[in-house]
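In the working numbering, the protein residues as written are 3 to 213. One structure is given below, encoded as structure tokens.
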């Protein structure tokens, strides 16, 4: 069950990107062509009490396997939440940034993030929270776009990123998600590249809770 808000001063509050959030459903078909197969492969691994952070418009939900026994959706953006509430009214929908999740420690067996960590305010806090809310033996499944590993591609990302963030709901192109997971309390078990590209290379990974 959610607990009272434990947000500290300076930590993010509710997110609002109304223009981006209203346009996002129009991009879903192209997005699924790019990562739909990987999304399904990832989400089929989910089991038990499952939390989707940054649930967006709910594209992760139909990709879940039969092992999920309970599902909670976390989405801080008001426009996205309205879409989620219309599409999946049967699932609990929680208003919170992923940096300060209002859940008891050990509440979930699986946490999923798909194309989310690019736009959070503080990746390190999100990963700490993922580690906290996972039960012993739980798993974190992530599918994220990352900084280009080649200097030329990364230079292009860096040049475009300031404008991209304005139109992409705060999305950053140059985050090194794999390193962030390694440096977090989580224990990275697998990580692989599933899509190349200059602007949006994508990785998929699996981690378990650490100390």
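Every residue gets a Cβ at the ideal spot worked out from N, C-alpha and C, and that includes glycine.
Ends of the beta strand (DSSP E) at residue 85?
-> What you label residue 85 is simply residue 83 of the chain shown in a count that begins at 1. For residue 85, there is no enclosing beta strand (DSSP E); the enclosing alpha helix (DSSP H) has its first and last residue at 80-89.
Would DSSP call residue 119 helix, strand or coil?
-> Here residue 119 refers to the residue found at position 117 when the chain shown is read from its first residue. The three-state secondary structure of residue 119, taken from DSSP, is coil.
In whole angstroms, what is the alpha-carbon distance linking residue 113 and residue 71?
-> Start at 1 with the first residue of the chain shown, and residue 113 comes out as number 111. Start at 1 with the first residue of the chain shown, and residue 71 comes out as number 69. Counting only the Cα atoms, residue 71 lies some 13 Å from residue 113.
With residue 142 and residue 132 assumed to form a contact (beta carbons below 8 Å), what rounded beta-carbon distance in angstroms separates them?
-> Within the chain shown, residue 142 is the residue found at index 140, counting from 1. Within the chain shown, residue 132 is the residue found at index 130, counting from 1. That pair is a contact at about 5 Å.
Integer Cβ distance of residue 262 from residue 205, believed to fall under 8 Å = The requested residue 262 does not occur in the structure, where the chain is confined to residues 3 to 213.
Length of the line joining the Cα atoms of residue 45 and residue 193 = Within the chain shown, numbered from 1, the residue matching residue 45 stands at position 43. Within the chain shown, numbered from 1, the residue matching residue 193 stands at position 191. When the Cα atoms are used, residue 45 and residue 193 turn out to be separated by approximately 15 Å.
Which residues DSSP lists as bridging residue 195, in chain order = One-based indexing of the chain shown puts residue 195 at position 193. According to DSSP, residue 195 bridges with 205.
Stretch pair the segment 115-126 + the segment 172-188: three plus CB contacts closer than 8 Å | As far as the Cβ criterion goes, the segment 115-126 touches the segment 172-188, which means the pair count is three or higher.
For my contact list, residue 98 and residue 76 are in at a C-beta cut-off of 8 Å; report their separation, rounded to the angstrom.
-> Counting from one through the chain shown, the residue named residue 98 turns up at place 96. Counting from one through the chain shown, the residue named residue 76 turns up at place 74. So it is a contact: roughly 6 Å between Cβ atoms.
Cβ-based neighbour list, residue 189, same chain, cut-off 8 Å, excluding 5 preceding and 5 following = Within the chain shown, numbered from 1, the residue matching residue 189 stands at position 187. These residues qualify, in order along the chain: 209, 210, 211 and 212.
Cutoff 6 Å; reference residue 73; Cβ partners in own chain excluding five residues on either side | Within the chain shown, residue 73 is the residue found at index 71, counting from 1. Closer than 6 Å at the Cβ level, and outside the excluded window around residue 73, lie 52 and 93.
Range of the contiguous beta strand (DSSP E) that encloses residue 51 | Residue numbering aside, residue 51 sits at position 49 when the chain shown is read from its first letter. Taken as a continuous stretch (DSSP letters only), the beta strand (DSSP E) holding residue 51 covers 50-55.
Using 8 Å as the threshold, is the segment 150-163 in touch with the segment 101-109, meaning 3 or more CB pairs across them?
-> Taking a cut-off of 8 Å on C-beta distances, the segment 150-163 does not touch the segment 101-109, as fewer than three cross pairs fall below it.
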